[in-house]
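Position 29, counted from 1, in the sequence shown is what the numbering used here calls 29; the numbers after and before it change by one each time, with no gaps. Note that beta-carbon positions come from the ideal geometry of N, C-alpha and C, so glycine has one too. These numbers were taken from a predicted model, which means no experiment stands behind them.
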Amino acid sequence: MDKWKTLLSSRKFWATLVGLVFMIIKAVKPDFPLDGDQLAGILALLVSYILGTALEDGLSANK
């Protein structure tokens, strides 16, 4: 149960889930109001956030 609590409180998990939902919506609904370039920009922003959070978590664990 502790793993689930850790997963659901993870900022990286939620950012990944948001990106996945955007990708699935765009694949299922081609008339989604975001074009491919806009979606790629959002996903790049989410990836940057995930990497930054991972770096922050890794650096704080070394203290």
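Query	Result
DSSP on residue 60, reduced to helix/strand/coil?	helix
What is the DSSP secondary structure of residue 35, reduced to helix, strand or coil?	coil
Taking residue 23 as part of the alpha helix (DSSP H), name the residues at either end of that continuous run.	11 to 28
For residue 54, which of 37, 29, 15, 32 has the nearest alpha-carbon?	15
So, at 6 Å on beta carbons, what are the nonlocal neighbours of residue 11 in its own chain, with the 5 sequence-adjacent residues on each side left out?	53
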